[in-house]
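First comes the structure, then the notes that go with it.
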Amino acid sequence: MADALNFSISTTRFDENYSPSTNSRTTTNFANLARGERREENLRNALTMINRRFNSLAHWDNPQGDRYSLELEIISANVHFSANNTDQEFPLLEVLETTIVDKLTGTRSQGMVGNNFSSYVRDYDFSVVLPASCNDSGAPVLPEDFGDLHGQLFQHFLNSQAYRERFAQLPVVCISVSTSKTYFRTGNSHPVLGLEYQQDENSLTDAYFGKMGLSVRYFMPQGAVAPLAFYFRGDLLNDYTNLQLISLISTMETFQKIYRPEIYNANSAAPAVYHPSLGAEDFSPTRVFYDREERTQLGKIQGKFTEERFIIPNRQLLDQWSASCTTPVA
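Quick note on numbering: my numbering labels position 318 of the sequence shown as 323, and the sequence is numbered without any gaps.
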């Protein structure tokens with residue numbers, strides 16, 4: 006039963022000519038940018054921001070600030086299984102992978118995978134399961150098994166032959182800090198990741214990613230104005246090269262500036278004790294259009310889609326697989 010679910014991986018080039026396929030998650034940040042009349046301008050500006058940020062961080066032996074560029078690919082993972090005597094599949098997750106191009110030497114090197122992590126089952130958990138979970142008095146309550154299935158699917162994917170054949174390293178997922186928590190600067194500093202922060206208590210997102218087998222640390226890179234949350238397995242500081250870490254920072258900080266400018270494009274840097282807020286007014290909008298409200302609504306639609314097309318029709322199979330799965334959940 007543990008082998009009842011298998012995975013496949015496909016890739017799509019992400020550049021100014023990118024257009025979302027009918028199979029792509031429409032809530033994905035990069036898909037959101039690639040719609041509408043300004044799609045090419047959006048994509049071109051976003052990619053320019055990424056490359057400029059990369060070169061500003063990789064400043065050694067780079068006097069003109071143009072030595073490097075990043076190539077990005079969308080990694081789409083599908084889960085495959087048999088149900089009702091037929092072979093079936095369902096889209097599991099999407100991430101971005103980076104390739105670092107050194108224009109001085111002409112070499113290409115592996116960047117990071119995990120950028121812009123998005124998942125149909127995660128949409129289902131947060132937009133269907135969580136809103137429906139209440140106690141007898143009607144107050145919201147977190148289900149004890151919240152995120153278990155998603156965590157097992159993610160870890161099973163990382164351990165799969167499909168992942169191991171395609172990627173030599175584990176992913177790092179980088180997202181925004183939580184607006185419900187307060188972050189405190191520590192005395193620790195990393196030459197690339199920057200100043201480390203800690204928070205007062207774990208967030209729901211931390212717990213959810215913990216069930217995916219990922220730990221979290223918070224860093225504010227040089228030149229940034231707010232810390233980023235880095236979710237990883239292993240040793241974040243030593244498992245990756247400086248250029249790999251820079252490829253992650255430059256990609257994700259750019260996307261955060263675009264769709265959370267109140268935090269990541271603020272006009273002043275986060276203080277030693279920092280409480281991020283989307284209600285802040287002292288920030289500079291980017292030239293990239295992003296429909297944050299549309300993304301929220303589409304997340305609900307895709308969560309319902311997952312419930313109807315994946316969870317309900319295959320509940321018995323998924324329950325049996327989850328019970329037999331040896332992958333632990335936190």
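Virtual Cβ for every residue (Gly too), placed ideally from N, Cα, C.
So does the segment 224-236 actually touch the segment 148-160, counting three or more Cβ pairs closer than 8 Å?
Counting Cβ pairs under 8 Å, fewer than three are found: no touch.
Expressed to the nearest angstrom, what Euclidean distance is found between the alpha-carbon atoms of V213 and P96?
What sits at residue 213 in the sequence shown is Tyr, not Val. Taking the straight line joining both Cα atoms gives about 20 Å.
For R190, list the residues DSSP reports as bridge partners.
BP columns for R190 point to Y202.
Taking DSSP's pairing of strands, which residues face R169 in a bridge?
R169 pairs with nothing; no bridge assigned.
Considering only residues of the same chain and omitting the five flanking positions on each side of S13, which have a CB-CB separation below 8 Å?
Non-local C-beta neighbours of S13 in its own chain, meaning closer than 8 Å and more than five positions away in sequence, comprise A82, N83, H85, E94 and A167, ordered along the chain.
From F59 to G116, what does the alpha carbon distance come to, in whole angstroms?
C-alpha separation (whole angstroms): 12 Å.
Is V133 near K309, with beta carbons less than 9 Å apart?
Yes, they are a contact pair.
Start and end of the alpha helix (DSSP H) containing D92?
Going by DSSP, D92 is part of no alpha helix (DSSP H) but of the beta strand (DSSP E) stretching over T91 to D107.
Less than 8 Å between the CB atoms is what I'm expecting for S208 and S185, so what's the real figure, rounded?
In this structure S208 is in contact with S185, their Cβ atoms being roughly 6 Å apart against a cut-off of 8 Å.
Just how far apart, CA to CA, sit L198 and A275?
Looking at the two C-alpha atoms, the distance is approximately 15 Å.
State the DSSP-derived secondary structure class of S329, mapped to helix, strand or coil.
Helix, per DSSP.
The segment 97-105 touching the segment 122-129, judged by at least three CB pairs closer than 8 Å:
Contact between the segment 97-105 and the segment 122-129 is present: 3 or more CB-CB pairs across the two stretches fall below 8 Å.
Answer yes or no: do E337 and T104 have a C-beta to C-beta separation smaller than 9 Å?
One cannot answer for residue 337 here, as it falls past the ends of the chain, which runs 6 to 335.
Under DSSP, the beta strand (DSSP E) around I180 begins and ends at which residues?
According to the DSSP assignment, I180 belongs to the beta strand (DSSP E) that extends over V178 to S181.
With a threshold of 16 other CB atoms inside 10 Å of the CB of G111, please say whether the residue is buried or exposed.
The residue in question, G111, is exposed, as its Cβ has fewer than 16 Cβ neighbours within 10 Å.
Less than 8 Å between C-beta atoms, sequence neighbours within five positions excluded: which residues of the same chain meet that for T16?
Only E78, I79, I80, S81 and E102 meet the Cβ criterion.
At the level of alpha carbons, what is the spacing between S327 and Y236?
Cα-Cα distance, rounded: 23 Å.
Other residues of its chain near N319: CB distance less than 6 Å, five sequence neighbours each side excluded
A88, listed in sequence order.
G239: which of L175, G156 and R190 sits nearest, CA to CA?
Per the C-alpha coordinates, the member of L175, G156 and R190 positioned closest to G239 is L175.
Whose C-alpha, out of T246, N243, Y269 and I263, is nearest the C-alpha of A234?
For A234, the nearest C-alpha among the options comes from Y269.
Should E258 go down as buried or exposed, given a rule of 16 or more other Cβ atoms within 10 Å for buried?
E258 is buried by the Cβ-count criterion.
Of the listed residues Y129, V293 and Y202, nearest to T311 (C-alpha basis)
The residue from Y129, V293 and Y202 with its alpha-carbon nearest to that of T311 is Y129.
For G192 and S289, the rounded distance between their alpha carbons:
In a straight line, the C-alpha of S289 is about 29 Å away from that of G192.
Can you tell me which of G218, N22, S273 and V178 puts its alpha carbon nearest to the alpha carbon of E286?
Considering only alpha carbons, the answer is S273.
For a minimum of 3 consecutive residues, which ranges assigned as the beta strand (DSSP E) are wholly contained in the segment 197-274?
Those beta strand (DSSP E) runs which fall completely within the segment 197-274 and span 3+ residues are 199-204, 220-225 and 233-237.
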